[in-house]
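Colleague: The structure is given below, and queries will be raised subsequently.
In the working numbering, the protein residues as written are 1006 to 1680.
In structure tokens:
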């Protein structure tokens, strides 16, 4: 028995797979106590917890701790003279025309920032030894008196020589046993001081939160007789054992969206689709990602609440266009959708939980692209009149019918989603027309065709039980470790030796971690060098052939760099123009022994009949059917609503759908001028 449980902003999703088939479940999330919502999903599934062999979990706990500033108090220690590094940040502004712009607030205030006397130079040599006497005399009492739950340590140039950070950690834990100490040299051994300090403080900030969360969850599992493997999803598309995640909490900041991308990639690959644009529309937001040749695109840095995190994560772009996104009128009298959301509490007006503001879910109910009697497979009541009442002020303002107002809001949300996809595709050299769209989440299949049309995409792949594809992605993800370090070196005759030396060091460190986590002996490695022309401010990632490192030559390095640089900037290496290596990253993957198969649910069926749908500004006749009852490889032309227990697939006029032998629905654009 394998189970994936993913906690979203509105619903908690569960997928259970064993020899008897697939069971799926969606239950409302409990934002105040997300671990209770996750455990409630297990109880509601009627699964014998003692029979679970593999339990994978994804959660927004770490993300919410940062966004809502609900982490525990921490302190920050840095080199003497650098106390204000978190406050000064960078000179760039994310909103250059905002006269009231303020830099993002760090998670540590200045009064909780302390300095130590020490200095390591950029080459790793020690200019000023760590003053251990002053640490014990002055720093330790201040930490004890501060009531802190953890401390983040980021000393100058510790990425080249972590000796002082390690010594400082030993002193703190000697005087305060069991105290959580996060070192920058253990989180990210890369240069750029502010980014390294920000990543380290965020890691320390969420570590107590995740430690308590995982402890509570594991305790309840133990009390229920669980004896299997428990793992938690990371932002990089891989998972880690629960115990290891307590020390790598910062890697869980985007675990939910990452799980969905991995589930989409695995399921689409079964139908031989490798180039994908994933579209995850949940209750709160929309997440999009590009997958090329079966591999989701990675980025080496992302921001959360404006604060940089320097770690490998899936390159996911998020916009506030989920089912709970609020429809409103701005001060200029224009229609807007999101980014604010009704969330799980109170939720859309149609949920009947006290929500009064109109949302996208209400718009779909009014447009009849969501059937009240079929929501969550009929397990949740929907109030149609509440949805209509919430949208009435919008319709009155624009002198529209309720259906026209609902349709306009959905079109506006689609435009926001299209722009989000363009940011990670067209603007990064990927033509969306070369990809298929893979929608999932509760609302993804409802919006997919309209989004695809605007992008020129002609094929859509919709997985079975797409509303819980993120929970499936937890089970379909390998165990993954990433390590990074800065080592600047020119690309000359000595460069190949530097590459081999760094690879050997990083490989040993990664293998030691893999053994501690009991990840097994079957391990796949990737090795990437961040390279640039001398004088450039930023680098491009260059994947290096591990099997060919022994025979690697400097000319080969230059060629590989030139090819990577040309893909990004449209010009490559030039003869005589010096190139340098800056940082290195090693990825280690422990593949799953066997891949769980996501199949159609047979537990849900609906009478096949004709219904009315409001699409493209008018009422149209369409076909209603349940996905599981459709014959394989028999095309069906739209308009149609195809339902399963977790989501509804809208096939508009101008599109046809067929169910393939892997239970994926393949939508194809038809040549139809009336669409």
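From the three backbone atoms N, C-alpha and C, an ideal C-beta is built for every residue, glycine too.
Using the rule of at least 16 other Cβ atoms within 10 Å of the residue's Cβ for burial, across every protein chain shown, is residue 1424 buried or exposed?
Modeller: The count along the chain shown starts at 1 and reaches residue 1424 at position 419. When all chains shown are included, residue 1424 counts as exposed.
Colleague: What separation, rounded to the nearest whole angstrom, lies between the Cα atoms of residue 1402 and residue 1460?
Modeller: What you label residue 1402 is simply residue 397 of the chain shown in a count that begins at 1. What you label residue 1460 is simply residue 455 of the chain shown in a count that begins at 1. Distance between the alpha carbons of residue 1402 and residue 1460: 31 Å.
Colleague: Would you give the residue range spanned by the alpha helix (DSSP H) that residue 1047 belongs to?
Modeller: If you number the chain shown from 1, residue 1047 lands on position 42. Its alpha helix (DSSP H) spans residues 1039-1049.
Colleague: For residue 1356, which three-state DSSP category applies?
Modeller: Against the chain shown, residue 1356 aligns to sequence position 351. Residue 1356 falls in the helix class under three-state DSSP.
Colleague: Would you say the stretch 1200-1214 touches the stretch 1241-1258, given that touching needs at least three Cβ pairs under 8 Å?
Modeller: Touching, per the Cβ criterion.
Colleague: With a 10 Å radius around its C-beta and 16 neighbouring C-beta atoms as the bar for buried, classify residue 1228 as buried or exposed.
Modeller: For this step, residue 1228 is matched to residue 223 along the chain shown. Looking at its Cβ environment, which holds fewer than 16 other Cβ atoms inside 10 Å, residue 1228 is exposed.
Colleague: To the nearest angstrom, report how far apart residue 1496 and residue 1087 are at their CA atoms.
Modeller: As a first step, residue 1496 is located in the chain shown; it is residue number 491 there, counting from the start. As a first step, residue 1087 is located in the chain shown; it is residue number 82 there, counting from the start. Taking the straight line joining both Cα atoms gives about 32 Å.
Colleague: Pick helix, strand or coil for residue 1515, following the three-state DSSP scheme.
Modeller: Within the chain shown, numbered from 1, the residue matching residue 1515 stands at position 510. Of the three classes helix, strand and coil, the one that applies to residue 1515 here is helix, per DSSP.
Colleague: What's the call for residue 1521, buried or exposed, on a 16-neighbour Cβ count within 10 Å?
Modeller: As a first step, residue 1521 must be located in the chain shown, where it is residue number 516. Classification for residue 1521: exposed.
Colleague: If we require 4 or more residues per run, which alpha helix (DSSP H) segments fall completely within the stretch 1500-1544?
Modeller: Counting whole runs of 4 or more residues, the stretch 1500-1544 contains the alpha helix (DSSP H) stretches 1500-1521.
Colleague: Grouping DSSP H, G and I as helix and E and B as strand, with all else coil, what is residue 1548?
Modeller: The residue labelled residue 1548 in the question sits at position 543 within the chain shown. DSSP places residue 1548 in strand when its eight states are reduced to three.
Colleague: Just verifying my parser: in three-state terms, what is the DSSP assignment at residue 1135?
Modeller: Numbered from 1 along the chain shown, position 130 holds the residue referred to as residue 1135. Note: residue 1135 maps to coil in three-state DSSP.
Colleague: Could you spell out where the alpha helix (DSSP H) holding residue 1636 opens and where it closes?
Modeller: In the chain shown, counting from the first residue as 1, residue 1636 sits at position 631. Looking at the DSSP string, residue 1636 is not in any alpha helix (DSSP H), and its letter there is neither H nor E.
Colleague: Mind listing, in chain order, the continuous alpha helix (DSSP H) runs of no fewer than 4 residues lying wholly within the stretch 1549-1592?
Modeller: DSSP runs (the alpha helix (DSSP H)) wholly in the stretch 1549-1592: 1559-1574.
Colleague: For residue 1011, name the three-state secondary structure that DSSP assigns.
Modeller: The count along the chain shown starts at 1 and reaches residue 1011 at position 6. Residue 1011: strand per DSSP, three-state reduction.
Colleague: Do you know how far the Cα of residue 1558 is from the Cα of residue 1552?
Modeller: To locate residue 1552, count along the chain shown from 1; it is residue 547. To locate residue 1558, count along the chain shown from 1; it is residue 553. In a straight line, the C-alpha of residue 1552 is about 13 Å away from that of residue 1558.
Colleague: Would residue 1628 pass as a contact of residue 1615 if the rule is Cβ separation under 9 Å?
Modeller: Against the chain shown, residue 1628 aligns to sequence position 623. Against the chain shown, residue 1615 aligns to sequence position 610. Their beta carbons are under 9 Å apart, which means residue 1628 touches residue 1615 by this criterion.
Colleague: Hey, how far is the Cα of residue 1352 from the Cα of residue 1429?
Modeller: Here residue 1352 corresponds to residue number 347 of the chain shown, with the count starting at 1. Here residue 1429 corresponds to residue number 424 of the chain shown, with the count starting at 1. For residue 1352 and residue 1429, the distance between alpha carbons rounds to 30 Å.
Colleague: Please say whether residue 1281 and residue 1533 have beta carbons closer to each other than 9 Å?
Modeller: Taking the chain shown and counting its residues from 1, one reaches residue 1533 at position 528. Taking the chain shown and counting its residues from 1, one reaches residue 1281 at position 276. In this structure, residue 1281 does not lie closer than 9 Å to residue 1533 by Cβ.
Colleague: With a cut-off of 8 Å, do at least 3 Cβ pairs link the stretch 1352-1366 to the stretch 1322-1330?
Modeller: Touching, yes, given that three or more Cβ pairs across the two stretches are closer than 8 Å.
Colleague: Once DSSP output is grouped into helix, strand and coil, what is the label at residue 1619?
Modeller: As a first step, residue 1619 is located in the chain shown; it is residue number 614 there, counting from the start. Correct three-state label for residue 1619: strand.
Colleague: Closer than 8 Å by C-beta to residue 1276: which residues in its own chain qualify, once you throw out the five before and the five after it? Chain order, please.
Modeller: Taking the first residue of the chain shown as position 1, residue 1276 is located at position 271. Excluding positions up to five away in sequence, the list reads 1466, 1665, 1667, 1669, 1671.
Colleague: In angstroms with no decimal places, state the Cα-to-Cα distance between residue 1165 and residue 1492.
Modeller: On the chain shown, position 160 is the one that residue 1165 refers to. On the chain shown, position 487 is the one that residue 1492 refers to. Straight-line Cα distance between these residues: approximately 8 Å.
Colleague: Assuming residue 1289 and residue 1346 form a contact by the criterion Cβ under 8 Å, report the distance between their Cβ atoms to the nearest whole angstrom.
Modeller: Mapped onto the chain shown, residue 1289 falls at position 284. Mapped onto the chain shown, residue 1346 falls at position 341. Contact holds; Cβ gap of about 5 Å.
Colleague: Touch check for the stretch 1473-1480 and the stretch 1058-1070: three-plus C-beta pairs under 8 Å?
Modeller: Touching, per the Cβ criterion.
Colleague: Taking 9 Å as the threshold (beta carbon to beta carbon), is residue 1353 in contact with chain B?
Modeller: Among the protein chains of the structure shown there is no chain B, as only one such chain exists.
Colleague: Let me check you understand the geometry: is the CB of residue 1008 closer than 8 Å to at least one non-hydrogen atom of the ligand SAH?
Modeller: Only the bare structure without any ligand can be found here, which leaves the ligand SAH out of the picture.
Colleague: Shortest alpha-carbon distance to residue 1134 belongs to which of 1082, 1189, 1121, 1142?
Modeller: To locate residue 1134, count along the chain shown from 1; it is residue 129. It is 1121.
Colleague: Drop a sphere of 10 angstroms on the beta-carbon of residue 1426, count the other beta-carbons inside from all chains shown, and report buried for 16 or more, exposed for fewer.
Modeller: The residue labelled residue 1426 in the question sits at position 421 within the chain shown. The residue in question, residue 1426, is buried, as its Cβ has 16 or more Cβ neighbours within 10 Å.
Colleague: Check whether the stretch 1261-1279 touches the stretch 1077-1087, taking contact to mean three or more Cβ pairs, one atom from each stretch, closer than 8 Å.
Modeller: They do not touch, by the three-pair rule.
Colleague: For the alpha helix (DSSP H) that residue 1199 lies in, which residues bound it at each end?
Modeller: For the purposes of this step, residue 1199 is identified with residue 194 of the chain shown, where counting begins at 1. Per DSSP, residue 1199 belongs to the alpha helix (DSSP H) from 1198-1228.
Colleague: Scan the stretch 1085-1163 and note each continuous alpha helix (DSSP H) run of 4 residues or more that stays entirely inside, going in chain order.
Modeller: Those alpha helix (DSSP H) runs which fall completely within the stretch 1085-1163 and span 4+ residues are 1090-1093, 1145-1151.
Colleague: Looking at the unbroken beta strand (DSSP E) that takes in residue 1063, where does it start and where does it end?
Modeller: For the purposes of this step, residue 1063 is identified with residue 58 of the chain shown, where counting begins at 1. Residues 1059-1063.
Colleague: Assign residue 1589 to buried or exposed, taking buried as 16 or more other Cβ atoms, counted over all protein chains shown, within 10 Å of its Cβ.
Modeller: Start at 1 with the first residue of the chain shown, and residue 1589 comes out as number 584. Buried, by the Cβ-count rule.
Colleague: Just list the residues that DSSP pairs residue 1488 with in beta bridges.
Modeller: The residue given as residue 1488 occupies position 483 in the chain shown. Residue 1488 pairs with 1591.
Colleague: If you drop the 5 nearest sequence neighbours on each side, which residues of the same chain put their C-beta closer than 7 Å to that of residue 1395?
Modeller: Residue 1395 sits at position 390 when you count from the first residue of the chain shown. Answer for residue 1395: 1354, 1361, 1362, 1363, 1367, listed in chain order.
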